[in-house]
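Chemist: Next up is a structure, given as structure tokens.
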Amino acid sequence: MFQVVCKYLEDPVLFSREEVGLVKFDIRYMLMLRSVQPLHFCDCLRMYKHNAAEIFGLLQVKLSLRGTSVPPSLQVLITLRFLACGTFHRETADFCGVSESTVCKIVHKVCKAVCELRKDSIKFPDAVDQTTYKVQFYEYGNIPGVVGCIDGCHIPVKYIELYRNLKNRFSVNVPGVCTPSMQLSNIVAHWSCSTRDSRIFQNSSLCAQFEAGQHSGILLGDSGDAQTNFLFTSYFHPVRPEQQRYNQAHIHIRGLVKRMFGIWKNRFHCLRNTLRFEPRRCCIVTVATAVLHNYLRQHVTIVSDRKEEFPLSSRM
């Protein structure tokens, strides 16, 4: 879009009336963004300006003006704002200067476009990466052969009886596998909260791949999982010293996946607040935030770990 704006400024005669209107809208919005202080921008979208620009570059080809007059650049910013704050669409609409129905359509449209990047962003490591992960996990916790840690978290959703959990609340159970750099290498986001993590994993394609011998190494799970030759859990009653040391190392490494879920939810507050969509759209939003989480974890110039772990905690 920046190139389009530059071309318009050089020779506006080449553009039609509709294109001129959109370009002028983008120029006005770009000037407004330049006036926003970096820290304020970071508080609003949970990322810096250049991170948002990079994400827009990935989605620019996938987004169009069909069905809306909002430029793709603003569509991305509206979606990032909603994912970051997780409030009602009306508040996001007031903040971005569009209608509430427009926000609803744009969020679904952009999240679907982000989900199309899932195969490149959320993927289980190949043989080369598995070797690297084994070394990194061993250096971190002294357990050999680990290629990932598996755990689950609950994403609140609106009142749908199928998604009622044991605490009489409504949520989606989202298990995921964590890498040494606290990225998601696997995620399943369509099971109800009443389903146990162990059952979700046993019915997943990743479990079938391990059973078929397609992956080497082991996964670390919690005590609720069943012990297998590729999924290791902790001892229930460690007696010998080596069992106690193993449990300590097991807890230490699995702390990564718990911290990853915390960083993920703190960056995208929509995962902490109730997702007021139908179940299918809730899954799309959840996977989209996971893709964005991985993308931001791969870049060094992101929000500091302190802001990721403790954002606005005193105000929530």
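316 is the number that UniProt numbering gives the last residue of the sequence shown; the numbers go up by one with no jumps.
Note that beta-carbon positions come from the ideal geometry of N, C-alpha and C, so glycine has one too.
(1) Taking all protein chains shown into account, decide if S69 is buried (16 or more other Cβ within 10 angstroms of its Cβ) or exposed.
(2) Suppose the cutoff is 6 Å on Cβ atoms and the five residues either side in sequence are ignored; what does the same chain contact list for F210 look like?
(3) Under 8 Å: do the region 191 to 206 and the region 152 to 163 share three or more Cβ pairs, one atom per stretch?
(4) Can you check DSSP and say which residues form a bridge with I150?
(5) Between which residues of its own chain and Y235 is the CB-CB distance below 6 Å, once the five residues before and five after are set aside?
(6) Taking one C-beta from the region 146 to 158 and one from the region 99 to 119 each time, how about it: are there three or more such pairs within less than 8 Å?
(7) Which runs of the beta strand (DSSP E) at least 3 residues long sit entirely within the region 34 to 85? Give them in chain order.
(8) With distances taken between CB atoms, is the gap from V285 to F277 smaller than 8 Å?
(9) Compare the Cα-Cα distances from F56 to each of S73, V135, K49 and L166 and report the closest residue.
(10) Taking the alpha-carbon of H190 as reference, which of V157, V172 and D43 has the nearest alpha-carbon?
(11) How do the region 77 to 92 and the region 264 to 273 stand: do at least 3 beta-carbon pairs fall below 8 Å, yes or no?
(12) So, R257 versus C207, is the Cβ gap smaller than 8 Å?
(13) Whole-angstrom Cβ separation of T274 and P156, contact assumed at under 8 Å?
(14) Please name the residue or residues paired with R267 in a DSSP beta bridge.
(15) To the nearest angstrom, how far is it from the Cα of V110 to the Cα of Q75?
Modeler: In short:
(1) Along the sequence shown, one-based indexing puts residue 69 at 69. Label assigned to S69: exposed.
(2) Taking the first residue of the sequence shown as 1, we reach residue 210 at position 210. Excluding positions up to five away in sequence, the list reads F230.
(3) yes
(4) Reading the sequence shown from its first residue, position 150 is the one you call residue 150. Beta-bridge pairing links I150 to V177.
(5) Within the sequence shown, residue 235 is the residue found at index 235, counting from 1. Closer than 6 Å at the Cβ level, and outside the excluded window around Y235, lie Q243 and N247.
(6) no
(7) none
(8) Residue 285 sits at position 285 when you count from the first residue of the sequence shown. Residue 277 sits at position 277 when you count from the first residue of the sequence shown. Contact: yes.
(9) As a first step, residue 56 must be located in the sequence shown, where it is residue number 56. Considering only alpha carbons, the answer is S73.
(10) In the sequence shown, residue 190 corresponds to position 190, counting from 1. The shortest C-alpha separation from H190 is found at V172.
(11) yes
(12) In the sequence shown, counting from the first residue as 1, residue 257 sits at position 257. In the sequence shown, counting from the first residue as 1, residue 207 sits at position 207. It should be noted that the sequence gives Val, not Arg, for residue 257. Not closer than 8 Å, so no.
(13) In the sequence shown, residue 274 corresponds to position 274, counting from 1. In the sequence shown, residue 156 corresponds to position 156, counting from 1. Rounded, the Cβ-Cβ distance is 4 Å, consistent with contact.
(14) Taking the sequence shown and counting its residues from 1, the one referred to as residue 267 is at position 267. Beta-bridge pairing links R267 to no other residue.
(15) In the sequence shown, counting from the first residue as 1, residue 110 sits at position 110. In the sequence shown, counting from the first residue as 1, residue 75 sits at position 75. Each residue's alpha carbon lies about 7 Å from the other.
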